[in-house]
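Numbering follows the numbering used here, in which position 485 of the sequence shown is assigned residue number 1606; successive positions increment by one, without gaps.
Only one structure is covered here, and it is reproduced in the block below.
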Amino acid sequence: MMDYNKLLSELADEIDITDSQEGAIRTAYNGVADWLNQNNADIARHNVHIFPQGSMMYGTAVKPISEDDYDIDLVCEFRDNVEDLEPEHVKKSVGKRISENARYRTMLQPEGRRCWTLQYCDSLNFHMDILPAIPFKERYYRSDSRLFEAYNNMSIMRELALLATDKNKETKKYRFIPSNPRGYAEWFKEKTLIGHNEKGMLFENIERVPTYPKKTVLQKSIQILKRHRDVYFLSRNDEYKPISMIITTLAAQCYNGENNIYEFICKALLKMPTLIVRENDQYVVKNPVMSNENFADKWKEKPQKAVEFFNWVNDAYVDFVNLKELTTYSEVDKTFKEIFSQKPVDRLMQKYGEYLREEKNTSYCPQIIEKSKALTMLERIPHRKRPPWNLPRKFRVGIQGTVSLDSGKSYQNFSSGELLPKGVFLQFFPIHSLPTPYTVKWQITNTGNEARNAGCLRGGEFEDAELRRGGILCGKKEETSYAGTHYIQCFIIKNGNQCIGMSQPFVVKIKE
1122 MMDYNKLLSE LADEIDITDS QEGAIRTAYN GVADWLNQNN ADIARHNVHI FPQGSMMYGT
1182 AVKPISEDDY DIDLVCEFRD NVEDLEPEHV KKSVGKRISE NARYRTMLQP EGRRCWTLQY
1242 CDSLNFHMDI LPAIPFKERY YRSDSRLFEA YNNMSIMREL ALLATDKNKE TKKYRFIPSN
1302 PRGYAEWFKE KTLIGHNEKG MLFENIERVP TYPKKTVLQK SIQILKRHRD VYFLSRNDEY
1362 KPISMIITTL AAQCYNGENN IYEFICKALL KMPTLIVREN DQYVVKNPVM SNENFADKWK
1422 EKPQKAVEFF NWVNDAYVDF VNLKELTTYS EVDKTFKEIF SQKPVDRLMQ KYGEYLREEK
1482 NTSYCPQIIE KSKALTMLER IPHRKRPPWN LPRKFRVGIQ GTVSLDSGKS YQNFSSGELL
1542 PKGVFLQFFP IHSLPTPYTV KWQITNTGNE ARNAGCLRGG EFEDAELRRG GILCGKKEET
1602 SYAGTHYIQC FIIKNGNQCI GMSQPFVVKI KE
């Protein structure tokens, strides 16, 4: 049996930036940081503080698909004498200081909305985004209701909050916007359990890019998910690709100290959609250290972003679950290249070259997907109607079951066979990677005396879907009414009469 924890851990090493690449980025970062922080600079009176942010800070950076055009983000914070500074002055002072360096002047790009960007064209192509900012001081939030609300909504890491510069594209006016990149990094460190024994942190004027000699399960899982996303959207509209902050935040919220990458990824992909809430008819993924910031704010103006996120999570779950069907390293090689791209998988599979050579000279039987015990039991129930379609040989569809214990206000996942009380609401959604268009049919088969006496054994109909997910009508809603063991089975139908996918039965057990 394949050790997918080991394979995915080694794959994460392959998609991570190399020591030489990290060294080049680190050298560039330190050079810019030192230049901005020199004592003879005009901005020195503000006690300039430089620190990294983003995936390099979290230890979740991955190589781009093309393995060039890396990026690194840093913050240039003015700490002293900031009470009377306007955002335009802060932004332009940093730009002026960068341009005073002859080398950086040739690399400096036109002013961006929030950052100054340096484009490096050395042996390693990458760009550096520099965000000017000041501390989130009382003077600013006391006189601005927008900032006052933002400050009050920071429940943790408030002392690390910043005001970053922001330039309106249309009006060209500058303003301060609240941000807390270092607070988020501290929150993420706590989640990933790196440095969890530390009492606190002492910050120098320049914080160097951190090193992670050994990545954690959470860090590697996020790297794997980001790579899957990047490859997935090569054949889709890149405009709708989920941003890394959403993936990082949701994955970290799912993490509870798991030590197996494969199992955690499967768990996280199931749970992530349930962590996204709806407020005022808008999807919300809150910044955990600044609750008024919604990482999914663009989903309202571009609803397709939400559709594509849920589609990606659904398809990614199917991809990872289906890895369990692979029986040879040849199959792993082929499948990994499809979902993670060729270059890193080629490097990974060099470690397994001996196994690959042996398999090329050996014939083997493909894995047979056997009926589950639940399906065997279901087929013996006399009132259950046999599906009218020619059924596929493999069970390519999973079922996600969710239960509400508060009259439908919130739902949480539950497992097939889990014992439930009467009077709770259930929702079921199919999990698969089958192409649209299709329709979804559900067969509900009840057993037990209570259902029989109520004339509600069911099982003779193939019912239409009632709930939408990702813009597709696919889900089913039910309520636990009768004690006993009941079965839910899902069928994916194409062209009206062709079954292209079906699930094993999902078992619902209801207490007396």
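Note that the Cβ used here is the ideal one computed from N, Cα and C, for glycine as well.
Here the structure is a predicted model, which is why all the values come from computation and not from measurement.
Membership of G1569 in any beta strand (DSSP E) is not indicated, and neither H nor E is assigned to it by DSSP. Non-local beta-carbon contacts of M1178 in its own chain, meaning distances under 6 angstroms to residues more than five positions away in sequence, involve A1306 in chain order. Spanning the alpha carbons of N1358 and V1352 requires a straight line of approximately 12 angstroms. Boundaries of the alpha helix (DSSP H) harbouring F1430: P1424 to N1443, taken from the DSSP string. With 16 or more other CB atoms across the displayed protein chains lying within 10 angstroms of its CB, D1137 is buried. The residues V1428, in chain order, have a CB closer than 7 angstroms to that of G1592 in the same chain once the five nearest residues on each side in sequence are set aside. Three or more beta-carbon pairs separated by less than 8 angstroms link the region 1618 to 1628 to the region 1549 to 1557, which places the two stretches in contact. Per DSSP, reduced to three states, the secondary structure at N1126 is helical. Judged by DSSP secondary structure, N1168 falls outside any alpha helix (DSSP H); it is assigned neither H nor E.
Closest in alpha carbon position to K1423, among N1413, Q1403, M1411 and V1410, is Q1403.
E1232 sits in coil when the DSSP states are folded into three classes, being neither helix nor strand.
Residue state for I1136 is assigned as helix, using DSSP reduced to three classes. Bounds of the beta strand (DSSP E) holding T1523 are G1519 to S1525.
The bridge partners DSSP lists for S1300 are L1283. Its chain contains L1157, N1158, A1162, C1197, E1198, F1199, R1200 and N1326 as the residues whose beta carbon lies nearer than 8 angstroms to that of V1169, once the 5 sequence neighbours on both sides are disregarded; these appear in chain order. Residue pairing of Q1619 in beta bridges, as defined by DSSP: K1615. In chain order, A1372 and C1375 place their CB closer than 6 angstroms to the CB of A1389, counting only its own chain and leaving out the 5 sequence neighbours on each side. In this structure, the beta-carbon distance from L1526 to C1620 does not fall below 7 angstroms. Rounded to the nearest angstrom, the Cβ distance from L1129 to I1382 is 5 angstroms, consistent with a contact under 8 angstroms.
The C-alpha of S1536 is placed about 11 angstroms away from the C-alpha of F1549.
Straight through space, the alpha carbons of F1431 and L1391 are spaced by roughly 11 angstroms. Exclusion of the five residues before and after L1396 leaves L1371, Q1374, C1375 and V1406 as the residues of its chain whose Cβ lies within less than 8 angstroms of its Cβ. Beyond the five residues adjoining it in sequence on each side, Y1225 comes within less than 8 angstroms, by CB distance, of V1153, W1156, I1219 and L1239 in the same chain, given in chain order.
Per DSSP, the unbroken beta strand (DSSP E) holding I1631 starts and ends at F1627 to I1631. Shown here, I1502 sits in coil according to DSSP, grouped into three states, outside any helix or strand. Spanning the alpha carbons of T1606 and E1571 requires a straight line of approximately 11 angstroms. By the criterion of a C-beta distance shorter than 6 angstroms, L1132 is surrounded in its chain by L1469, once the five residues flanking it on both sides are discounted. Judged by DSSP secondary structure, I1386 falls within the alpha helix (DSSP H) whose first and last residues are I1382 to L1396. Sequence-distant partners of V1545 (beyond 5 residues in either direction) whose C-beta falls short of 8 angstroms from its own C-beta, in its chain, are V1524, S1525, L1526, E1600 and T1601. As computed with DSSP, Y1295 is found in a beta bridge with K1288. For L1588, the CB contacts under 8 angstroms within the same chain, skipping 5 residues up- and downstream, are Q1548, F1550, L1594, C1595, G1596, K1597 and K1598 in chain order. Counting C-beta atoms within 10 angstroms of its own C-beta, S1528 has fewer than 16 neighbours from the protein chains shown and is therefore classed as exposed.
Contact check for C1236 and L1252: beta-carbon distance about 5 angstroms, within the 8 angstroms limit, so the pair qualifies.
In the assembly as shown, N1618 is an exposed residue. Its beta-carbon has fewer than 16 other beta-carbons within 10 Å. Closest in alpha carbon position to K1632, among I1614, G1538, N1574 and A1575, is G1538.
Taking a 10 Å sphere around the C-beta of T1568, we find 16 or more other C-beta atoms and assign the residue as buried.
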